[in-house]
Amino acid sequence: MKAKTVLGSAAVGVGLGTLLLPAAALADTTVSPATTPVGGTVVLTTTCNPKAGDALFRVTGPNRDQNVRSTTAAAGGGLSAELFTAGFTLGTYTVTATCGDGSNGGTATFTVTPIGGAQAGAGGRDGDTGVLAAGGALAAAAVAGGTYVLVRRRRRATTVA
Amino acid sequence: MLPRSEPLRVAIPGIGVDADIVPVATDSNGALEVPPLEHPEIAGWYRRGPTPGEAGNAVLVGHVDSLRGPAVFFDLGRLRPGDTVEVTRADGRVAVFTVDGVGAYPKERFPTERVYGGGAEARLRLITCGGRFDPRTGSYPDNIVVFATAAR
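Note that the protein sequences, when read in sequence, are chains A and B. Going left to right, the first sequence walks through residues 1 to 161 as my numbering numbers them. Going left to right, the second sequence walks through residues 162 to 313 as my numbering numbers them.
Listed below in structure tokens is the structure:
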């Protein structure tokens with residue numbers, strides 16, 4: 001799963017050259033995974049310099065505006081925190097980090113989605129669908145579609161009693 | 162790319178689908194809602210996500226069958242890359258999608274990121290049940306997912 005990253009206004013600084021303080025301007029934030037079923041945990045990471053102190057992640061979205069303080073020095077440098085999404089309304093959230101020295105720590109988004117798949121069937125009359133899908137067998141089933149319809153009808157005839 | 166506008170109907174000429182759409186969210190377990198089984202001919206649109214034609218992944222869900230027989234997305238698994246899906250929206254515009262592929266996934270390994278993940282392009286995901294119905298649990302083990310991208 002690839003984390004979505006948005007470089008905030010810091011990216012403009014890079015474009016303008018080295019007049020701005022490059023080290024402070026380059027901090028950015030990632031959320032991994034970028035998509036989580038509701039109740040899942042995402043890791044917020046910013047490249048803020050840990051020596052400047054804890055970073056603060058502001059999480060805003062459909063039903064939420066909360067701050068999460070960094071708890072861990074990330075493996076590759078920077079700071080991270082875990083965010084537990086139980087009770088989150090489904091939708092897309094924005095994470096904005098502020099470094100310990102008050103500088104911009106970057107922005108990223110993540111999406112809270114429904115859990116797992118959908119219960120989208122009731123078993124019909126005989127309990128088989130148009131797709132007897134076992135992974136890669138899907139294509140074969142479709143190619144043999146005509147034949148399968150016959151099988152299905154026959155089975156239906158024998159089991160609906 | 163289209164602005165946000167709720168979908169009203171979905172037509173899939175290749176498998177004879179022409180169905181009304183209602184907005185859905187999730188049930189108390191956090192799973193995607195499906196339109197009521199009393200109306201197996203209706204498809205659902207995941208209303209927390211993008212609308213079809215908007216940037217990102219729009220998600221439609223429909224039953225594969227009901228106790229009475231085949232339902233709206235019964236033949237979803239027969240779609241092939243290149244097939245067309247048309248979604249009529251409240252603003253009167255029709256978002257046209259081309260199928261990229263079809264997959265079957267055990268529900269415990271549902272491809273959440275590929276379904277809901279999104280990006281800059283307007284994409285569509287169609288979901289129904291698949292596999293062999295388990296009468297003991299009263300459910301299907303798999304989800305069939307159709308992946309499509311807005312036609313240009």
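Virtual Cβ for every residue (Gly too), placed ideally from N, Cα, C.
Next on the checklist: Taking the beta strand (DSSP E) that B/Tyr-301 belongs to, which residues open and close that run?
Outcome noted: First-last for B/Tyr-301: undefined, no H or E at that position.
Item to check | Residues of the stretch 37–70 of chain A whose Cβ lies closer than 7 Å to any Cβ of chain B, in chain order | outcome: Pro-37, Val-38 and Gly-39
Item to check | Where the beta strand (DSSP E) containing B/Glu-247 begins and where it ends | outcome: 245–250
Checklist entry - Considering only residues of the same chain and omitting the five flanking positions on each side of B/Pro-213, which have a CB-CB separation below 6 Å? => result Pro-168, Ala-219, Val-248, Ala-256 and Leu-285
Checklist entry - Does A/Thr-35 get closer than 8 Å to chain B when you measure Cβ to Cβ? => result yes
Checklist entry - What number of angstroms, rounded off, separates the C-alpha of B/Thr-187 from the C-alpha of A/Lys-51? => result 43 Å
Next on the checklist: Just checking: is the beta-carbon of B/Thr-298 within a distance shorter than 8 Å of some beta-carbon in chain A?
Outcome noted: no
Item to check | Nearest residue (CA-CA) to B/Ile-305, options B/Val-222, B/Pro-211 and B/Val-185 | outcome: B/Val-222
Next on the checklist: Checking 8 Å against the spacing of the C-beta atoms, do B/Val-183 and B/Pro-174 come in under that value?
Outcome noted: no
Checklist entry - Would a check of beta-carbon distances place B/Asp-226 closer than 8 Å to chain A? => result yes
Next on the checklist: Using only the alpha-carbon positions, how far apart do A/Gly-117 and A/Ser-70 sit?
Outcome noted: 33 Å
Checklist entry - Residue range of the beta strand (DSSP E) that B/Glu-274 falls in? => result Counting along the chain, B/Glu-274 falls outside any beta strand (DSSP E), though it belongs to the alpha helix (DSSP H) covering 273–277.
Checklist entry - At a CB-CB cut-off below 7 Å, which residues of chain A make contact with B/Arg-209? => result Leu-90 and Gly-91
Checklist entry - Can you pull the DSSP bridge partners for B/Arg-170? => result B/Asp-181 and B/Thr-249
Item to check | Rounded distance between the beta-carbons of B/Val-171 and B/Val-276, thought under 8 Å | outcome: Actually they do not touch by this definition, with Cβ atoms about 16 Å apart.
Item to check | Own chain, CB closer than 6 Å to B/Gly-279, minus 5 neighbours either side, in chain order | outcome: Gly-217 and Asn-218
Checklist entry - Out of curiosity, what's the CA-to-CA distance linking A/Val-31 and A/Thr-92? => result 12 Å
Next on the checklist: At 3 residues or longer, what runs of the beta strand (DSSP E) sit wholly inside the stretch 40–96 of chain A?
Outcome noted: 41–46, 56–61, 64–69 and 79–84
Next on the checklist: By alpha-carbon positions, which one of B/Thr-289, B/Val-233, B/Glu-274 and B/Ser-189 ends up nearest to B/Val-263?
Outcome noted: B/Thr-289
Item to check | Interface residues of the stretch 252–284 of chain B facing chain A [CB-CB below 8 Å] | outcome: Val-263, Gly-264, Ala-265, Tyr-266, Lys-268, Glu-269, Phe-271, Thr-273, Glu-274, Val-276, Tyr-277, Gly-278 and Gly-279
Checklist entry - Who are the near neighbours of B/Ser-166 in its chain, counting only those whose CB is closer than 6 Å to its CB and skipping five residues on each side? => result Thr-212, Arg-250, Ala-251 and Asp-252
Next on the checklist: Taking beta-carbon pairs under 9 Å, can you tell me which members of the stretch 193–205 of chain B lie near chain A?
Outcome noted: Leu-193, Glu-194, Val-195, Leu-198, Pro-201 and Gly-205
Checklist entry - Any idea what DSSP makes of B/Arg-229, helix, strand or coil? => result coil
Checklist entry - Between A/Gly-87 and A/Thr-47, is the Cβ-Cβ spacing less than 8 Å? => result no
Next on the checklist: Can you pull the chain A neighbours of B/Phe-308, defined as C-beta to C-beta under 7 Å?
Outcome noted: Within chain A, no residue comes near B/Phe-308; the closest Cβ sits about 13 Å away, beyond 7 Å.
Item to check | Counted within 10 angstroms of its Cβ, other Cβ atoms place B/Tyr-301 as buried (16 or more) or exposed | outcome: buried
Item to check | Members of the stretch 110–124 of chain A that neighbour chain B once the beta carbon cut-off is set at 8 Å | outcome: Thr-111, Thr-113, Pro-114, Ile-115, Gly-116, Gly-117, Ala-118, Gln-119, Ala-120, Gly-121, Ala-122, Gly-123 and Gly-124
Next on the checklist: Residues in the same chain with beta-carbon distance under 6 Å from A/Phe-110, minus the five sequence neighbours each way, listed in chain order, please.
Outcome noted: Val-31, Ala-34, Val-42 and Tyr-93
Next on the checklist: Could you pull the DSSP bridge partners for B/Gly-264 from this structure?
Outcome noted: B/Val-306
Checklist entry - If you draw a straight line from the C-alpha of A/Asp-101 to the C-alpha of A/Leu-79, how long is it? => result 13 Å
Checklist entry - Roughly how many angstroms separate the alpha carbons of B/Gly-230 and A/Asp-65, rounded to a whole number? => result 46 Å
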